[in-house]
Structures are given as C-alpha cells and as structure tokens.
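Trainee: Mind having a look at this structure? Questions to follow.
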Amino acid sequence: MSGWNPWLQYGVAVLVAVALALAVVTITSLVVRGVSRRKPAARGLLTSARAPFRALVLVSLLWIASAVSVPASLSWWPMASHALLIAVIVLASWLVGSLASFGLSQAAGRYRIDVADNRVARRVRTQIQMVRRLVLVAVVIVGASAVLMTFPEVRTIGASLLASAGVVSIIAGLAAQSTLGNVFAGMQLAFSDAIRVDDVVIVEGEWGLIEEITLTYVVVKIWDDRRLVVPSTYFTTTPFQNWTRRTSDLLGSIELDLDWRIDPRDMRVELDAILERSELWDERVKVLQVTDATGGFVRVRVLVSARDAGTLFDLRCEVREELVEWVHRHGSDGIPKTRVVMGGDATPRRTRGPEDTSTGAHRGLFSGSPEAEQRGQEFTQSISVIRPEEDPRG
1 MSGWNPWLQY GVAVLVAVAL ALAVVTITSL VVRGVSRRKP AARGLLTSAR
51 APFRALVLVS LLWIASAVSV PASLSWWPMA SHALLIAVIV LASWLVGSLA
101 SFGLSQAAGR YRIDVADNRV ARRVRTQIQM VRRLVLVAVV IVGASAVLMT
151 FPEVRTIGAS LLASAGVVSI IAGLAAQSTL GNVFAGMQLA FSDAIRVDDV
201 VIVEGEWGLI EEITLTYVVV KIWDDRRLVV PSTYFTTTPF QNWTRRTSDL
251 LGSIELDLDW RIDPRDMRVE LDAILERSEL WDERVKVLQV TDATGGFVRV
301 RVLVSARDAG TLFDLRCEVR EELVEWVHRH GSDGIPKTRV VMGGDATPRR
351 TRGPEDTSTG AHRGLFSGSP EAEQRGQEFT QSISVIRPEE DPRG
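Residue numbers (full-length UniProt numbering): 1 to 394.
So this is what it looks like as structure tokens:
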C-alpha cells in the first residue's frame, strides 16, 4: 500500500476499523445474550455498558487504524492522535464506572428491603451506596488525572507541585477542611451503622425518614413530604433519635387529663376492646396507668406498641379518638371539671367502697406480667459496688 494515495489508505483503514468494531460488538453482544438466558442478571449488563463499550471499541480501532495509515509527517496528525488518546481515556473511564455501578447494583439487589425485618438489608444497601459513590469519584479522578498527564505542560507543573508539596498540602488542607470533614463523616455514617437508608429519625425536632446518604450530606424526608438536607458532620457531632436502630417496633403513649371520678378499670376494659378491634396493634404492649393527680385532674397514660413508626402514629390517633368518644358516651364522669366550694364542709362523694379495691393487680409498664418484669429488670438491675475494705489495691 506504499504507492497508494495517503487519503485512500486512510479511508480503507477507517472502513476496516469500523468493520472490526462491528464484528467485536456483535460477537460480544451475542455472548452476553447467551449468558443472560441462564443468568437473567446479565441482561442488565447490556443496558448499562452497551454505549460506553461500543464507543470505546470504535474509537480505539480508529486510533490504531489512523496510526498505521496516516503519515507522521502530516501537521494535523499529532493533534488528532492526542484527541483520540483523550477520547479513549474518557470512554474507558465511562466503561469502568458503568461496570462498577452494575456490579454494585446487582450486589445490593440480593438484599430485599420490602420485608418486615430489613435492618441488615438496609445497612448493606447503605454501605453499597456509599461504596458506589466512592468508586465513581475515584474513577473520575483517575480518568481526569490521566487526561491531564497527556499534556507535557501539566506534567511539568505536577513536578513543580511535588517539589513544594509541603506548602501546597497545608494550604489545601486549610481550604478543604470543612469539605473533607463532611466526606469523612459520610463514610463514617455508612460503615459505623449509626444510620441507614429508610431509618426513622428525629432531627432538629422533625420526624422523618433517611432518604439518601451522600459523601457530604444526608437527606431526611419529613413526614409531610418536605426534605431536610443536613451536613454529614451533624450526625457525628450532635445527638439525634434513631427509632429503627435495632428494630422497627416501637412503644407510643397517649395522655389524657380527666376528672377525678373517672374509673381507670373501666378504661382498661375499653382499651382492651379497642386494641382487639384494631389491625394496627402488634399485641406486644398495652398499658393504662394513672401517672399524675394534680391541678384538679388525673392524668391517664396509655402505652401501646406497633410494628413501625408510621403504624404507631396511626394507632395512637385511633386509640386517642376511641377513648375520647368513650368518655363522652359514658356520661360526664370523665370530662374535666372545675369545682368551687361555697362554704360549709364539703365531703367528696365516694364512688367506691373498700370492698371494691380487691379486683386484682393490673398490668403495668414494669410489673404485672413477665414482659413487664423483664423490662423493669433492664432498668433497675443491681450494680456491683466495691467497698473500700474489699478493694484489693488497699
């Protein structure tokens, strides 16, 4: 081909490169389709990596064909060759990022979060999400560095920067202190299991759901569909409530200020009936106690349990509404009143005699049932104390 016109040689080389690219892409596609029949997960590989793979194969073969067919003496060839090299680096970075993202997505898909106990799945998905971001950032940095290093001027500047690395590192460290702090905080959150995606938390007085954890910030979806964007360092430096740290089931309270003549035992019977009818109660905890009796009222507190935070909120509203309706339905004994005594001896009306007090113990939060006793032991168990005369150190 030495006697051919240079442009004719280049045209033939380009046609050969395109034909080879089509052959490589077709064969690879057939192989992946064959594998996907046995492993359906491989079908997603065609979608995620098809575009970068085809572009990389075509540009690489065009670069090789041009290097073989174009005379090096042409003035435009060095610039064109440099552009093709940069394109190959960019497309290779795109392909690596797509493959990494596909692999991590397949790994995350093995853990289902649409089940009742999904704490482990949410933790793994959170960590995989963070690893994906780190990998993509690393691929972009390496690709950009490789592109810049193709310029001789940049290599010279890089050598000069390395010579003054001490001063540059101090300046860069001071300038990026806040950003790097958020990055390290985001990594700490992902791998310390402090919060996970879909955790129910209370942040800045707002009740919401962890929607997204990035390298520098966390997005909390508030119950009314607002989004609260919080820096990652907030969760490593400020106390916050995580309602699903270990399990998603929770206890909730309903408090009512009622008149002194209310009968707590009748309220317990009504509470049992309410919870038996409700589909929201998980049958773990139901407690009704009088927790205060000051200011002319008695304070009745009801504790109920549910499988998750959203269900607990609805259950509390349902129980509160049913009890308020029960108080209205059963006369005015429970409705709060203000009494005024206009002189003379005022003897309060006795609603129950001594013989009515032997109705048996009721279930409490820390007594009255095996579960309550176990809960009480967790908070009141004895603590070993070494007396001075028993101290072996004298």
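Even for Gly, the Cβ is constructed at its ideal location relative to N, Cα and C.
(1) Per DSSP, what kind of secondary structure is GLU355 in: helix, strand or coil?
(2) Following the continuous beta strand (DSSP E) through TRP77, name the residue where it begins and the one where it ends.
(3) Would you kindly work out how many angstroms separate the C-alpha atoms of THR357 and ARG265, rounded to a whole number?
(4) Can you pull the DSSP bridge partners for ALA306?
(5) Does the segment 286-301 come close enough to the segment 226-240 that 3 or more CB-CB pairs lie under 8 Å?
(6) State whether the segment 32-48 contacts the segment 85-94, with contact taken as three or more CB pairs (one from each stretch) at a distance under 8 Å.
(7) Could you work out which residue in ALA67, VAL96, GLN374 is closest to ALA83 when comparing CA atoms only?
(8) On a Cα-Cα basis, can you pick out the residue from SER60, ARG132, LYS39, SER93 that is closest to ALA49?
(9) Is the CB-CB distance between ASP282 and ALA306 below 7 Å?
(10) Below 7 Å between beta carbons: does that hold for ARG299 and ASP257?
(11) Tell me whether ASP198 sits in a helix, a strand or coil according to DSSP, three-state version.
(12) Tell me whether VAL290 sits in a helix, a strand or coil according to DSSP, three-state version.
(13) Measure the alpha-carbon distance for residue 398 versus PHE184 and round it to whole angstroms.
(14) Does GLY97 pass the burial test, meaning 16 or more other C-beta atoms within 10 Å, or should it be called exposed?
(15) Quick check on the DSSP output: the alpha helix (DSSP H) that includes GLY368 runs from which residue to which?
(16) Confirm, please, whether the CB-CB distance from ASP225 to ILE210 is below 7 Å.
(17) On the DSSP bridge list, what partners appear for VAL220?
(18) Distance check for ALA194 and VAL120, CA to CA, integer angstroms please.
(19) When you compare only the Cα positions, how much space is there between GLU204 and ASN242?
(20) Am I right that LEU56 and ALA17 are in contact with their C-beta atoms under 8 Å? What's the rounded C-beta distance?
(21) Could you tell me whether the Cβ atoms of SER69 and ALA138 are closer together than 7 Å?
(22) Would VAL319 pass as a contact of LEU303 if the rule is Cβ separation under 7 Å?
Mentor: In terms of the structure at hand:
(1) Taking the first residue of the sequence shown as position 1, residue 355 is located at position 355. Per-residue confidence for GLU355 stands at a pLDDT of 47, beneath the threshold of 50, marking its modelled position as unreliable; no derived number is given.
(2) To locate residue 77, count along the sequence shown from 1; it is residue 77. Counting along the chain, no beta strand (DSSP E) covers TRP77; the unbroken alpha helix (DSSP H) around it starts and ends at 77-109.
(3) Along the sequence shown, read from residue 1 onward, the residue named residue 357 stands at position 357. Along the sequence shown, read from residue 1 onward, the residue named residue 265 stands at position 265. For THR357, the pLDDT reaches just 44, beneath the cut-off of 50, and the residue's location in the model is therefore unreliable, leaving the point undetermined.
(4) Against the sequence shown, residue 306 aligns to sequence position 306. Answer is LEU250, bridged to ALA306.
(5) Too few Cβ pairs lie closer than 8 Å, so no.
(6) Judged by Cβ distances under 8 Å, the segment 32-48 makes no contact with the segment 85-94, as fewer than three pairs qualify.
(7) On the sequence shown, position 83 is the one that residue 83 refers to. Taking only the C-alpha atoms, the option nearest ALA83 is ALA67.
(8) Within the sequence shown, residue 49 is the residue found at index 49, counting from 1. Checking every option, the nearest Cα to that of ALA49 belongs to SER93.
(9) Numbered from its first residue, the sequence shown carries residue 282 at position 282. Numbered from its first residue, the sequence shown carries residue 306 at position 306. In this structure, ALA306 lies closer than 7 Å to ASP282 by Cβ.
(10) Numbered from 1 along the sequence shown, position 299 holds the residue referred to as residue 299. Numbered from 1 along the sequence shown, position 257 holds the residue referred to as residue 257. ARG299 is a Cβ neighbour of ASP257, given a cutoff of 7 Å.
(11) Position 198 of the sequence shown, counted from the first residue, corresponds to residue 198. Note: ASP198 maps to coil in three-state DSSP.
(12) For this step, residue 290 is matched to residue 290 along the sequence shown. DSSP, read as helix, strand or coil, puts VAL290 in strand.
(13) Nothing in the structure corresponds to residue 398, since the chain is present only between 1 and 394.
(14) Walking along the sequence shown from the start, residue 97 turns up at place 97. Result: buried.
(15) Within the sequence shown, the letter at position 368 stands for residue 368. For GLY368, no alpha helix (DSSP H) segment is defined, and its DSSP state is neither H nor E.
(16) Reading the sequence shown from its first residue, position 210 is the one you call residue 210. Reading the sequence shown from its first residue, position 225 is the one you call residue 225. Going by beta carbons, ILE210 and ASP225 fall outside the 7 Å limit.
(17) For the purposes of this step, residue 220 is identified with residue 220 of the sequence shown, where counting begins at 1. VAL220 is bridged to ILE210, LEU228.
(18) Within the sequence shown, residue 120 is the residue found at index 120, counting from 1. Within the sequence shown, residue 194 is the residue found at index 194, counting from 1. Pairing VAL120 with ALA194, the inter-Cα distance amounts to about 13 Å.
(19) Within the sequence shown, the letter at position 204 stands for residue 204. Within the sequence shown, the letter at position 242 stands for residue 242. Looking at the backbone, the Cα of GLU204 and that of ASN242 are separated by about 13 Å.
(20) Position 56 of the sequence shown holds residue 56. Position 17 of the sequence shown holds residue 17. In fact, because the Cβ distance is near 13 Å, the residues do not count as touching under 8 Å.
(21) As a working note, residue 69 is residue 69 in the sequence shown. As a working note, residue 138 is residue 138 in the sequence shown. Not in contact: SER69 and ALA138 (Cβ atoms no closer than 7 Å).
(22) Taking the sequence shown and counting its residues from 1, one reaches residue 319 at position 319. Taking the sequence shown and counting its residues from 1, one reaches residue 303 at position 303. In this structure, VAL319 sits away from LEU303, with a CB-CB distance that is not shorter than 7 Å.
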